[in-house]
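Okay, so the sequence shown: first residue is 1 according to UniProt numbering, each after it adds one. Positions of the beta carbon are idealized from the N, C-alpha and C atoms, including for glycine.
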Amino acid sequence: MNNNRSIVHMDLDTFFVSCERHMDSSLNGKPILIGGTSDRGVVASCSYEARTFGIHSAMPMRMAKQLCPEAIVLRGNSGIYTKFSNAVTDVIKESVPLYEKTSIDEFYIDLTGMDKFFGCHKLASELRQKIIRETGLPISFGLSLNKTVSKIATGEAKPNNEIRILSGTEKPFLAPLSVRKIPMVGNVTYKALCDLGVKRIQTIQDMPMELMHKVLGRNGLVIWKKANGIDHSPVVQYHERKSISTERTFNQDTTDVTKLKGMVVAMAENLAYQLRRGHKLTACVTFKIRYSDFQTYTQQQRIPYSAMDHTIIPVVLDLFKKLYHRRLLVRLIGVKFSHLVEGGHQVNLFEDNEMHLNLTNAMDKMRERYGDRAVMSAAGMEAKTISRFNPFNGEPPPLLANRRR
């Protein structure tokens, strides 16, 4: 472990809200909720003013509006948020040697060795001020010798501030904090830790590593290391995607088979196009369905490597038919392609024909020139808001604030 590393974690504060306020200053100082506006929607982001009412991200919008009736509810615009995110990325890209963009509003930066020339804390502070100056967006950062401590430090620095954790002070910094502050500790793990009487990070620091492993398995070891400020993971600029997926929660639960099949076709068709655009092939197709009673089922099928509509769509529809048998109202459906590899379509002499290949090539050319929705299957015409981004360009997918996740 290199104890001389300098890792910065930067996070744009209430990013969606900050973007909206940048465009409309009348929203400043007011409780803002961004997300799905229907009763089935959830809060994608909320202002600090709204948080004082107990509102948080992923809360049902209906509950949030009950907690704060005077809140201003905005549907959100992922295209605008992506532009702001790209502007911040451009500033970081031209200022540092190595960065990792982990989400639309979150970055890791490796400044190891830069202290010989500039001073890492000074460089990070100047970069933060430059981002604020050029984009008008508030941003916070934590600086330490690894990703975990820096990410936790950023959370403590917010809003719109910065914290530096000196080498050797990681454990004292972490000790008084809640175990919920540790990345990867979700509700289930938190409950398991509380059942053990563990609520503060210091308690984990005082526990034998073997006990954490016995109670929580491999995750217990990872949590123990993070609690002790140990994290060897490097800053990696590009992650090769291992899968792509999309899903949709309906505003109203439905048993409309035509509607469901149309959405399935649109999802599969769009993902297949993204494969071809990224020069990828899939060997595993997965379909997911969630009923109104929240029972969720998934099934997958291995296929010969392909990125062709006429190969993949029938497989997805077949999985749909196998899983849609309860005749209950459907709440959510999703499609996922995994086992991705680099490569172009290999012609199947028994199933492919010149018409299929020429048709696919022609449609893809029209999409490249006129947009993803320029041409599509008639069955999927009603699916108007399937997420359409290039998943293979090294950027994380934008969070669509107007859709339930």
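(message) Under DSSP, the alpha helix (DSSP H) around residue 318 begins and ends at which residues?
(response) 309-323
(request) Within the same chain, show all residues whose beta-carbon is closer than 7 angstroms to that of residue 300, passing over the 5 residues directly before and after it, in chain order. (result) 284, 285, 286
(message) So, with DSSP's three-state summary, where would you put residue 56?
(response) coil
(request) Let me know if residue 29 comes out buried or exposed under the rule of 16 or more other beta-carbons within 10 Å of its beta-carbon. (result) exposed
(request) To the nearest angstrom, report how far apart residue 116 and residue 108 are at their CA atoms. (result) 20 angstroms
(request) Please state whether DSSP places residue 68 in a helix, a strand or coil. (result) coil
(request) Kindly indicate the opening and closing residues of the alpha helix (DSSP H) around residue 78. (result) 78-93
(message) Let me confirm a value: residue 341 is counted as buried when at least 16 other C-beta atoms fall within 10 Å, else exposed. Which label applies?
(response) exposed
(message) What does the Cβ neighbour count give for residue 218, buried or exposed, with the cut at 16 atoms within 10 Å?
(response) exposed
(message) Within 10 Å of its beta-carbon, does residue 126 have 16 or more other beta-carbons around it, so buried, or fewer, so exposed?
(response) exposed
(request) Run through the stretch 153-215 for me and flag every whole beta strand (DSSP E) of 3 or more residues, listed as ranges in chain order. (result) 162-164
(request) For residue 96, collect the residues of the same chain with a Cβ closer than 6 angstroms to its Cβ; drop the 5 residues on either side in sequence, then sort them by chain order. (result) 109
(request) Give me the Cα-Cα distance between residue 10 and residue 149, rounded to the nearest whole angstrom. (result) 12 angstroms
(request) Pick out whichever of 145, 312, 223 has its Cα sitting closest to the Cα of residue 181. (result) 223
(request) Can you have a look at residue 69 and say buried or exposed, based on whether 16 or more other CB atoms are within 10 angstroms of its CB? (result) exposed
(message) Need the endpoints of the alpha helix (DSSP H) that residue 129 sits in, please.
(response) 120-135
(message) Just verifying my parser: in three-state terms, what is the DSSP assignment at residue 98?
(response) coil
(request) Answer yes or no: do residue 55 and residue 67 have a C-beta to C-beta separation smaller than 8 angstroms? (result) yes
(message) Taking the beta carbon of residue 170 as the centre, do at least 16 other beta carbons fall within 10 Å, making it buried, or is it exposed?
(response) buried
(request) Check the DSSP bridge columns for residue 336 and list the partner residues they point to. (result) 245, 286
(request) Starting from the C-beta of residue 185, find all residues in its chain whose C-beta is less than 6 angstroms away, skip the five residues before and the five after it, and write them out in chain order. (result) 179
(request) Could you tell me the boundaries of the alpha helix (DSSP H) in which residue 26 lies? (result) From DSSP, residue 26 is part of no alpha helix (DSSP H); its letter is neither H nor E.
(request) Check whether the Cβ atoms of residue 265 and residue 143 lie closer than 8 angstroms to each other. (result) no
(request) Helix, strand or coil for residue 232, going by three-state DSSP, please let me know. (result) coil
(request) Please report how far the alpha carbon of residue 282 lies from the alpha carbon of residue 308, in whole angstroms. (result) 10 angstroms
(message) If I measure Cβ to Cβ from residue 134 and keep anything under 7 angstroms in the same chain, skipping five residues before and after, which residues do I get?
(response) 91
(request) Give me whichever residues DSSP pairs with residue 108 in a beta bridge. (result) 9, 100
(message) Using 8 angstroms as the cut-off, can you tell me whether the stretch 313-331 makes contact with the stretch 253-260, which would need three or more C-beta pairs spanning the two stretches below that distance?
(response) yes
(request) Compare the Cα-Cα distances from residue 60 to each of 304, 45, 337 and report the closest residue. (result) 45
(request) Return the chain-ordered list of same chain residues with a C-beta closer than 6 angstroms to the C-beta of residue 53, the five sequence neighbours on each side being excluded. (result) 67, 68
(message) Taking its Cβ as the centre, do 16 or more other Cβ atoms sit within 10 Å of residue 191, making it buried, or is it exposed?
(response) exposed
(message) My assumption, with CB atoms under 8 angstroms, is that residue 139 sits in contact with residue 13. Please give the rounded CB distance.
(response) 6 angstroms
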